[in-house]
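Asks: Residue numbers (my numbering): 20 to 230.
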């Protein structure tokens, strides 16, 4: 039977890499699938990983109706599976459409995304995936906080300093731009301690010679 599966984790835990690997494995078996992505770092209509892998994808828009899209694509070719990256950005209605595709079209749907935002609140798409998925898989590749502990939370930073206000979705990256993201353990997320702030604090402390 077809399944709706949610692969979740923090940023930097290899979600997009696994999505691309999953698509590759299915293609090697002669199966045909569709890849959807949204707000990818490589640009519109792309699915990329931090390892440098890039694949063409259908860009998801706020008004995308997955049921209609898949119905149209099936008129042209067989569809055995669907891969959806950045599923946290999807609306609840769009996740409902993915569940309908599983139940009524018998197509496996694999969603990849982060669960919570920079304020540790559930994204609407992720929440709906948690509510409807047949399986929820936590990715096994652990991202690490600057302290070496397992990173469990996503922090938004501006010039290296953690911020706790702003829109839920602001596109950035973990290694570029004024607005960026950093993964932290729960302790340092709650304390607002990023790698940059810790380094800056260490530099501001007087050395033994200065004392």
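All C-beta atoms, glycine included, are put in the ideal place defined by N, C-alpha and C.
Between 111, 121 and 166, which has its C-alpha nearest residue 216's C-alpha?
Replies: Among 111, 121 and 166, the Cα nearest to that of residue 216 is on 166.
Asks: Give the list of continuous beta strand (DSSP E) stretches no shorter than 3 residues that lie fully inside the region 63-95.
Replies: Counting whole runs of 3 or more residues, the region 63-95 contains the beta strand (DSSP E) stretches 65-67 and 73-75.
Asks: Taking all protein chains shown into account, do 16 or more other C-beta atoms lie within 10 angstroms of the C-beta of residue 20, making it buried, or fewer, making it exposed?
Replies: Under this definition residue 20 is an exposed residue.
Asks: Rounded to a whole number of angstroms, what is the C-alpha to C-alpha distance between residue 107 and residue 208?
Replies: Residue 107 and residue 208: Cα-Cα distance of roughly 20 Å.
Asks: Please return the same chain residues whose Cβ sits closer than 7 Å to the Cβ of residue 197, not counting the five positions on each side in sequence.
Replies: Result list for residue 197: 177 and 178, in chain order.
Asks: Take every Cβ of the region 138-149, pair it with every Cβ of the region 112-120, and state whether three or more of those distances are shorter than 8 Å.
Replies: Segments in contact, yes.
Asks: List the endpoints of the continuous beta strand (DSSP E) containing residue 176.
Replies: 172-177 is the extent of the beta strand (DSSP E) around residue 176.
Asks: Where does residue 136 land, buried or exposed, given buried means 16+ other C-beta within 10 angstroms?
Replies: That one is buried.
Asks: May I ask you to verify whether the region 83-90 touches the region 120-134, counting CB pairs closer than 8 Å and requiring at least 3?
Replies: Yes, the region 83-90 touches the region 120-134.
Asks: For the alpha helix (DSSP H) containing residue 115, list its first residue and its last residue.
Replies: Its alpha helix (DSSP H) spans residues 111-119.
Asks: Just to confirm before moving on: does the CB-CB distance between residue 24 and residue 109 stay below 8 Å?
Replies: Contact flag unset, no.
Asks: Which residue or residues does DSSP assign as beta-bridge partners of residue 156?
Replies: For residue 156, which the question treats as bridged, DSSP gives the partners 26.
Asks: With the cut-off set at 8 Å, would you say residue 101 and residue 133 are in Cβ contact?
Replies: No. Outside cutoff.
Asks: When the Cα of residue 139 is compared with those of 105, 182 and 104, which residue comes out closest?
Replies: Selected option, being the one with the closest Cα: 182.
Asks: For residue 39, which option in 103, 63, 31 and 141 has the closest C-alpha, if you only look at C-alpha atoms?
Replies: Minimum Cα distance to residue 39 is reached at 103.
Asks: Run through DSSP, which three-state label would residue 46 get?
Replies: Note: residue 46 maps to helix in three-state DSSP.
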